[in-house]
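Asker: Below is one structure. I have some questions about it.
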RNA sequence: GCCCCCAUCGUCUAGUGGCCCAGGACAACACCCUUUCAAGGUGUAGAUCGCGGGUUCGAAUCCCGCUGGGGGUACCA
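Printed below as a string of structure tokens:
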């Protein structure tokens, strides 16, 4: 059992380079869960030190995604907090990082490096040409005298600030998730990483660490791809004389085919794609919580509060999970089925509006009609976005191919197994006749009448009902027939049956 | 190449030395229910716990090696 001692302050610090994919949401979620379970604070910070990859609006988009799954923050760019600002470029503009850079430089823990990117590139190429396996840059400037540095600076040459990493010895750190032994690397494997670009902008390694320190972050839960750079961070904490936070590297979420981690380009995993398709936040929350964490050997469906109560870091496992959209979809279906009719109607309306099946906003009668239709499709929905397709025939005309309907269907679909066109036409004619005098037009009456008719015609119920289903919906797979007829109304039902009968009779 | 991390059914996982010839869920398949499709119910199949060595009376569980997968190796994060 891992003891977590308060205070607990964690953060999620995305880089605004595009949309947030579900892997990022999962990392954020574990941080949030950790903070909520152990009674700490969850901080959101924007790490936008990479000017080249910066995408305007991405930070806002990410915040929207986070809130959508139900992750809120105690301190952040939009709400502020005691250690703001929470955007790195703003902090840089305020000069927050400079004093720390000076401190590193004057204590000899870092040095100014005057090699250019081009020179570096050349050195790498040369090294590769000579068959050198790994190129680790440690500049000659690390041993320069103050005079040499001053001279280079006086000539106006741009420089970066690099960490002066030890040549010998080892650096190690422990990890809450990768328990057991510490992770240790030989310092000889390290290189003098760049801390500050020639533009004066600090890089992630430096900026995040200063921010974490100033923001009193106690536990760093981040994706496992950061494990290799953790030694640099340890060295930096040592250089500053600060106590490092506790680390916990959460497992990655791999692509569905297992070939590599999720990629924004290759995989359809942008968080917004999920609300666009009609996923419920609760389902996404529940699914993501189970990617790398579990409660026991059988509990899967859990509310937000239950997960918060049960989430402990020792049940987070170190091995990577694989993106499994089928499982998410199944869970989404479970959560949709838990919703009331009114709730489903409310959530489905925007999809129907977008498909121009109803107005935007819907009229009062449209709203009422949609609510009337929900029970027919409620348990058949796995994605709310499927609703327009499932309900389309209630809003558009349906007719056999060649007819006048907006939704046309193949005549052959009309003919049930072991029947022919003439027989089907006769059955539909009989159905039309008996239904045209039916009062009241209710589900119960419809069922009673049509069952009696099937018996009278010596047809199996499925044969008769199948033909009527296609006539009325234009498809073989549809909601239950009697409910459909009742919801569609007498006039429209009869007109469609007549059209089918006539088409088959020609 | 080098460094680091990881390793239980196709997938997500339970399992921390005997309760496991390995449990649950998704997916698959079959049957039941049934007017189609779902939902629901029942069941089947699917993992010699990656491989090989140890330690132990006893190992999926501990140790070592190998293999495989992933990640890192930027003036990206």
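Residue numbers (the numbering used here): 34 to 539.
Cβ atoms here follow ideal geometry from the backbone N, Cα and C, with glycine treated the same way.
(1) Is it the case that the region 439-455 contacts the region 394-408, given that we only count it when at least three CB pairs across the two stretches are under 8 Å?
(2) Who are the near neighbours of residue 462 in its chain, counting only those whose CB is closer than 6 Å to its CB and skipping five residues on each side?
(3) Rounding to the nearest angstrom, what Cα-Cα distance links residue 125 and residue 108 in this structure?
(4) Straight-line CA distance for residue 227 to residue 378?
(5) Could you check the C-alpha separation between residue 319 and residue 334 for me, to the nearest Å?
(6) Roughly how many angstroms separate the alpha carbons of residue 258 and residue 382, rounded to a whole number?
(7) Just to confirm the assignment: which complete alpha helix (DSSP H) runs, minimum length 4, are found wholly within the region 80-165?
(8) From residue 241 to residue 312, what does the alpha carbon distance come to, in whole angstroms?
(9) Nearest CA to the CA of residue 541: which residue from 133, 459, 145 and 489?
(10) Examine the Cβ distances between the region 59-73 and the region 145-156 and report whether three or more of them are shorter than 8 Å.
(11) Near residue 138, which residues of its chain fall below 8 Å by C-beta distance, leaving aside the five closest residues on each side in sequence?
(12) Per DSSP, what kind of secondary structure is residue 370 in: helix, strand or coil?
(13) What's the gap between the Cα of residue 290 and the Cα of residue 158?
(14) Should residue 421 be labelled buried (16 or more other beta-carbon atoms within 10 Å of its own) or exposed?
(15) For a minimum of 4 consecutive residues, which ranges assigned as the alpha helix (DSSP H) are wholly contained in the region 416-451?
(16) List the whole-angstrom C-beta distance separating residue 460 from residue 497, where the pair is believed to meet the contact cut-off of C-beta under 8 Å.
(17) Is it buried or exposed, residue 58, if we count other Cβ atoms within 10 angstroms and call 16 or more buried?
(18) Terminal residues of the continuous beta strand (DSSP E) containing residue 256?
(19) For residue 191, does the count of other Cβ atoms within 10 angstroms reach 16, so buried, or fall short, so exposed?
(20) In this structure, what does DSSP give as the bridge partners for residue 196?
(21) Exposed or buried, what is residue 156 when buried is set at 16 or more other beta-carbons lying within 10 Å of its beta-carbon?
(22) Could you pull the start and end residues of the alpha helix (DSSP H) that residue 486 belongs to?
(23) Could you pull out every residue in the same chain whose Cβ sits closer than 6 Å to the Cβ of residue 487, ignoring the five residues on either side in sequence?
(24) Which residue marks the beginning of the beta strand (DSSP E) containing residue 281, and which one marks its end?
(25) Use the C-beta contact count for residue 415: other C-beta atoms within 10 angstroms, 16 or more gives buried, fewer gives exposed.
(26) Kindly indicate the opening and closing residues of the beta strand (DSSP E) around residue 77.
(27) Cutting at 7 Å between CB atoms, please list the residues of its own chain near residue 211, excluding the five before and the five after it.
(28) Let's see if you can read the secondary structure: which residues bound the beta strand (DSSP E) around residue 310?
(29) Apart from the five residues just before and just after residue 411, which ones in its own chain have a Cβ nearer than 6 Å to its Cβ?
(30) Tell me the residue span of the alpha helix (DSSP H) that contains residue 526.
(31) With distances taken between CB atoms, is the gap from residue 371 to residue 56 smaller than 9 Å?
(32) Quick one: using the 10 Å Cβ neighbour count with 16 as the cut-off for buried, is residue 179 buried or exposed?
(33) Taking the straight line between their C-alpha atoms, what separation do you get for residue 78 and residue 110?
(34) Here's a check: name, in chain order, each residue in its chain whose Cβ is nearer than 8 Å to the Cβ of residue 519, leaving out the five neighbours to either side.
(35) Ends of the beta strand (DSSP E) at residue 217?
(36) Do the region 384-394 and the region 347-367 touch if we need at least three Cβ pairs shorter than 8 Å?
Answerer: From the atom records:
(1) no
(2) 534
(3) Rounded to the nearest angstrom, the two C-alpha atoms are 18 Å apart.
(4) 55 Å
(5) 7 Å
(6) 41 Å
(7) 91-101, 121-126, 131-139 and 150-162
(8) 33 Å
(9) Examination of residue 541 is not possible in this model, given that the chain is present from 34 through 539 alone.
(10) Judged by Cβ distances under 8 Å, the region 59-73 makes no contact with the region 145-156, as fewer than three pairs qualify.
(11) These residues qualify, in order along the chain: 144, 145 and 194.
(12) helix
(13) 34 Å
(14) By the 10 Å Cβ count, residue 421 comes out buried.
(15) Taken in chain order, the complete alpha helix (DSSP H) segments of 4 or more residues contained in the region 416-451 are 420-428.
(16) 6 Å
(17) buried
(18) 252-256
(19) Around the beta-carbon of residue 191, fewer than 16 other beta-carbon atoms lie within 10 Å, marking it exposed.
(20) Residue 196 is bridged by DSSP to 143.
(21) So residue 156 ends up on the exposed side.
(22) 476-489
(23) 494 and 497
(24) Where residue 281 is concerned, the enclosing beta strand (DSSP E) starts and stops at 279-283.
(25) buried
(26) 74-77
(27) 282 and 351
(28) Element bounds for residue 310: n/a, residue is neither H nor E.
(29) Excluding positions up to five away in sequence, the list reads 377.
(30) 523-538
(31) Here residue 371 is not near residue 56, since their CB atoms are 9 Å or more apart.
(32) exposed
(33) Residue 78 and residue 110 have their C-alpha atoms some 6 Å from each other.
(34) 474, 475, 476 and 479
(35) 216-219
(36) no
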